[in-house]
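This report refers to the structure that appears directly beneath it.
There are 2 protein chains.
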Amino acid sequence: MKVVHTIQDLRTLLGEYRKQGNKIAFVPTMGFLHEGHMSLVDHAKAVSPIVVMSIFVNPTQFGPGEDFERYPRNLERDRQLAEERGVSVLFVPEVTEMYPDKPKTNISVSHITSRLCGASRPGHFDGVATVVSKLFHIVQPDFACFGQKDAQQVAVIEQMVQDLNFPVEIIPCPIIREEDGLALSSRNVYLNEEERKQAVVLSQALEQIDPKFLAENTPGEVIKKVTELIDSRPLANIDYVELLSYPSLEPIEQFEGVSAVIVALAVKFGNTRLIDNKIIKI
Amino acid sequence: MKVVHTIQDLRTLLGEYRKQGNKIAFVPTMGFLHEGHMSLVDHAKAVSPIVVMSIFVNPTQFGPGEDFERYPRNLERDRQLAEERGVSVLFVPEVTEMYPDKPKTNISVSHITSRLCGASRPGHFDGVATVVSKLFHIVQPDFACFGQKDAQQVAVIEQMVQDLNFPVEIIPCPIIREEDGLALSSRNVYLNEEERKQAVVLSQALEQIDPKFLAENTPGEVIKKVTELIDSRPLANIDYVELLSYPSLEPIEQFEGVSAVIVALAVKFGNTRLIDNKIIKI
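Chains R and U are the protein sequences, given in the same order.
When you line the first sequence up against our numbering, it's residues 94 to 375, in that order.
When you line the second sequence up against our numbering, it's residues 94 to 375, in that order.
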């Protein structure tokens, strides 16, 4: 595995691979890798022999007071995990390499960012769309793998790729969970023992939701039941519980005429904000 | 010369050229070609054997009440001119090909769009940045040629390319003028005989400005003299006369410490809005 720190070096290296006729699959991450990220590498390897992973904690997608500074980092461990899993090129730029000057260009995706994390974290998805666009221009991948745990992020990226005609195929990859159901996240490391125990309520709340459950409940009743279950855990502090059409992410009043929905949760335990979701085809 | 109407056909064709090791130079236009456009083709041919020209009157960069509907079009004449000048591929998409659905993604460049045409035409440069980004993703050029007559457009595109790490080199190309000095523009065809005669005042007003003139006048005096000369033509209706630092496009109070300035004009003759500019290194 090659570790590259500058855009110029990465372009030179990938230009060589491309000249040899190789396609490139890309796994953008913020590091502190877990099995969720590693499963993205597996999906990438399945479509292309050259897998580029980036590790970049992007400051522009964190709001004031969010956890940019304390976001967990462990490059040596990440490097080892990436190499073991078969990453070809690890791209680890400094913030000054990605943002040498104060940027004046912003990419904004409307409508699908107006709810969920887009509402809770103003500016977050502008930061995501803009940095992903930068990374796509730097790596020029044929494929890019994103985890469905950040379902709204996947929807935003897919919308951007479609609207701006990016020559890349987005591969959404399923959520990876702990044995007890908790969705893997780099932020899980923030949880203390009791919070970690109660956090399993997110996946429990989602587990009960299937086409049969949706047939027996209105959207309002689904939200109410999920909310009540999460609220029964004393350390859980709900940011949002939403049920939206998928992938358009619009509120719905009834299930008729809707082909898929997403139930999406954001819940704080102490200072740690966790998200989870389930997409159900009706 | 090949004429291509769909994104898919263009990608397939250019993919072949690229596989053979060719670089691609791109000349985006709104058609109704004149010698200004043709000179861009010459610059493109100088850097690459494969020259792609697009002709697309982009609706999203026209404001309400602007001339999108009546913008001059003549594809048969354009096709002939492009072929004669050595364009390899002419890309002529329909509006529905470029915007099959209502787009949700917008690219916005701040600061350098706050004055000049950015102030006179709100939303214009968002439309320009977004469609140029789409065209760059469709054509994937190594070089792209833009005319300096739209100096603010060049500055916006260069800023976007830098901020978003587009893998393309922008080649700004000098303004081409009629014998009497009028800058070539597809919109010149709107002018009646008397307007056409008086329109030469734009280039006359700029011609007097050189380092010596700037040494003898403050920025305020330069603007005043240019404004007075243009105002002396009865059909001229000034939209703006501005003197800004270049390429940052910021207002300046004095010339000290500034390495280059732009004097930029927008003047209406009847319903026809003309622009012109001069960049002076100090």
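C-beta: ideal position from N, C-alpha, C; glycine also.
Fair warning: this is a prediction, and the values are worked out from it, not measured in the lab.
Pull up the CB-CB distance for L367/U and I355/U, whole angstroms please, since I reckon it's below 8 Å.
For L367/U against I355/U, the beta-carbon gap comes to about 16 Å, at or over 8 Å, which does not count as contact.
Given this structure, state the Cα-to-Cα distance separating F218/R from N199/R, to the nearest angstrom.
The straight-line gap from Cα to Cα measures roughly 10 Å.
Between the Cα of K138/R and those of K112/R, M123/R and R178/R, spot the shortest distance and give me the residue it belongs to.
Proximity to K138/R across K112/R, M123/R and R178/R peaks at R178/R, based on C-alpha coordinates.
Hey, is F155/U's beta-carbon within less than 8 Å of any beta-carbon in chain R?
no
Please list the partners that T311/U has in chain B, where partner means a Cβ-to-Cβ separation under 7 Å.
Note that chain B does not occur in the displayed structure, where the protein chains are R and U.
Mapping DSSP to helix, strand and coil, what is E321/U?
helix
Mind checking if V202/U is an interface residue toward chain R, Cβ cutoff 8 Å exclusive?
yes
Check each candidate in L295/U, A118/U and E109/U and name the one with the smallest Cα separation from G114/R.
E109/U
8 Å is my cut-off, CB to CB: does H217/R come that close to chain U?
no
Applying a beta-carbon distance threshold of less than 9 Å, which residues of chain U neighbour I205/R?
K197
Whose C-alpha, out of F259/R, E321/R, V351/R and D324/R, is nearest the C-alpha of P340/R?
V351/R
I'd like to know whether the C-beta of M146/R is nearer than 8 Å to at least one C-beta of chain U.
Chain U, which has no Cβ nearer than 8 Å to the Cβ of M146/R, makes this no.
With a CB to CB cut of under 7 Å and the five nearest residues on each side skipped, what residues in its chain are close to V202/R?
F218, A222, V249, Q252 and M253
Give the straight-line distance between the Cα atoms of A244/U and D369/R, rounded to the nearest whole angstrom.
48 Å
I331/U bridges to which residues according to DSSP?
Residue pairing by DSSP places I331/U opposite V360/U in a beta bridge.
Taking L328/R as the reference, give the member of N364/R, S141/R and L358/R with the closest Cα.
Cα-wise, what sits closest to L328/R is N364/R.
Pick out whichever of R270/R, L126/R and E300/R has its Cα sitting closest to the Cα of N167/R.
N167/R has its Cα closest to that of L126/R, out of R270/R, L126/R and E300/R.
Within the chosen definition, does the segment 302-312 of chain U reach the segment 263-282 of chain U through at least 3 CB pairs nearer than 8 Å?
No, the segment 302-312 of chain U is not in contact with the segment 263-282 of chain U.
Please state whether DSSP places N310/R in a helix, a strand or coil.
DSSP places N310/R in coil when its eight states are reduced to three.
Cutting at 8 Å between CB atoms, please list the residues of its own chain near T99/U, excluding the five before and the five after it.
P186 and E190
When you check each C-beta in the segment 211-235 of chain R against every C-beta of chain U, which residues fall closer than 7 Å?
S226, K227, H230, I231 and Q233
When you check each C-beta in the segment 256-272 of chain R against every C-beta of chain U, which residues fall closer than 8 Å?
Under the 8 Å Cβ criterion, the segment 256-272 of chain R contributes D256, L257, N258, F259 and P260.
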